[in-house]
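So the structure is just underneath, and the comments pick up after that.
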Amino acid sequence: MDLLQRWIALAGEDTRHIGADLAARYGEPHRRYHTTDHLIAVLDLVDELAGHADDPDAVRLAAWFHDAVYDPQRGDNEERSAVKAERMLADTDLPPETVAEVARLVRLTTTHAPGPDDRNGQVLCDADLAVLGSDPRTYAAYASAVREEYAFVPDEHFTIGRAGVLRSLLDLPALFHTPPARERFEARARQNLRTELMLLEAGGP
Numbered sequence: 001m002d003l004l005q006r007w008i009a010l011a012g013e014d015t016r017h018i019g020a021d022l023a024a025r026y027g028e029p030h031r032r033y034h035t036t037d038h039l040i041a042v043l044d045l046v047d048e049l050a051g052h053a054d055d056p057d058a059v060r061l062a063a064w065f066h067d068a069v070y071d072p073q074r075g076d077n078e079e080r081s082a083v084k085a086e087r088m089l090a091d092t093d094l095p096p097e098t099v100a101e102v103a104r105l106v107r108l109t110t111t112h113a114p115g116p117d118d119r120n121g122q123v124l125c126d127a128d129l130a131v132l133g134s135d136p137r138t139y140a141a142y143a144s145a146v147r148e149e150y151a152f153v154p155d156e157h158f159t160i161g162r163a164g165v166l167r168s169l170l171d172l173p174a175l176f177h178t179p180p181a182r183e184r185f186e187a188r189a190r191q192n193l194r195t196e197l198m199l200l201e202a203g204g205p
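See the structure below:
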């Protein structure tokens with residue numbers, strides 16, 4: 001099933017235009033990591049973790065919208081993506097409470113810190129951060145792609161900012177919240193983050 005058909009299966013044929021718009025956004029030429037491949041990976045893992053969610057389809061919709069707006073030179077991409085979800089989904093047959101939940105979940109990807117009872121949020125955040133727990137080669141490709149997205153930032157400033165992000169992630173009591181994702185990704189993610197931080201501080205690649 002191609003990406004647009006996947007959207008239609010989720011949201012209905014009458015929302016094809018929304019799916020087409022979103023698919024085009026993930027294909028924007030300035031993206032290097034936040035691409036169609038990332039969207040597919042998130043959707044696939046949401047499917048795997050769907051049994052943990054209270055509303056799996058709301059999580060799937062949020063996955064589609066979570067990077068709908070992505071401009072590395074701005075710091076409000078999650079908010080702008082959430083607003084886009086609210087506006088675009090308001091014209092569908094979805095109930096208002098579902099639209100509100102989708103937007104809430106998109107905003108949650110700013111912090112990736114869902115509450116202990118936020119099962120929907122836990123699934124989305126785990127799916128979005130799963131790359132952190134990938135094998136070393138895949139993680140290195142991810143880190144390189146992120147650097148390419150911030151090519152406009154001088155190395156010194158990027159190193160400071162990226163190191164801050166890595167430390168904030170390592171400071172979280174848990175990176176992953178659903179039992180399957182925690183077992184599969186947590187230990188390897190922390191090792192990957194520590195390795196990248198060490199290389200940054202050493203001035204390595």
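The numbering of the sequence shown is the UniProt record's numbering, which starts it at 1 and goes up by one. Quick reminder that beta carbons are idealized off the backbone N, C-alpha and C, glycines included. Quantities reported herein were computed from a predicted structural model and do not represent experimental measurements.
Residue i - DSSP class collapsed to helix/strand/coil
i           : result
Val102      : helix
residue 208 : This structure leaves residue 208 out entirely; the chain is present only between 1 and 205.
Tyr142      : helix
Ala130      : helix
Val69       : coil
Arg60       : helix
His17       : helix
His38       : helix
Leu10       : helix
His112      : coil
Leu172      : coil
Of the residues the options, the one placed nearest residue i, counting alpha carbons only
i           : options                           : result
Leu49       : Phe152, Pro116 and Arg184         : Arg184
Ala63       : Asp126, Arg16 and Gly27           : Asp126
Gly12       : Leu199, Leu89 and Asp155          : Leu89
Met1        : Thr111, Ile40 and Glu97           : Ile40
Leu172      : His66, Asp14 and Thr111           : Thr111
Glu201      : Asn77, Ala187 and Glu156          : Glu156
Leu197      : Ala174, Tyr139, Pro179 and Glu149 : Tyr139
residue 215 : Ala189, Leu22, Asp128 and Glu186  : Any question about residue 215 goes unanswered here, given that the chain covers just 1 to 205.
Phe78       : Arg87, Pro180 and His66           : Before going further, note that residue 78 is Glu rather than Phe in the sequence given. The shortest Cα separation from Glu78 among Arg87, Pro180 and His66 belongs to His66.
Any non-hydrogen atom of the ligand NAP closer than 6 Å to residue i Cβ
i      : result
Glu101 : The ligand NAP is absent from the structure shown, which contains no ligands of any kind.
Nearest-angstrom Cβ-Cβ length linking residue i and residue j, presumed shorter than 8 Å
i      : j      : result
Leu124 : Thr109 : 7 Å
His177 : Pro114 : 6 Å
Ser81  : Val106 : 5 Å
Would you check if there are 3 or more beta carbon pairs closer than 8 Å linking the region 182–193 to the region 158–170?
yes
Could you say if the region 58–70 and the region 109–127 meet the contact criterion of at least three C-beta pairs nearer than 8 Å?
yes
Using a Cβ distance threshold of 8 Å, determine whether the region 71–88 contacts the region 128–137, with at least three qualifying pairs required.
no
Validate contact between the region 136–153 and the region 19–38 using beta carbons, cut 8 Å, 3 pairs
yes
Counting Cβ pairs closer than 8 Å, one from the region 154–161 and one from the region 91–102, do we hit at least three?
no
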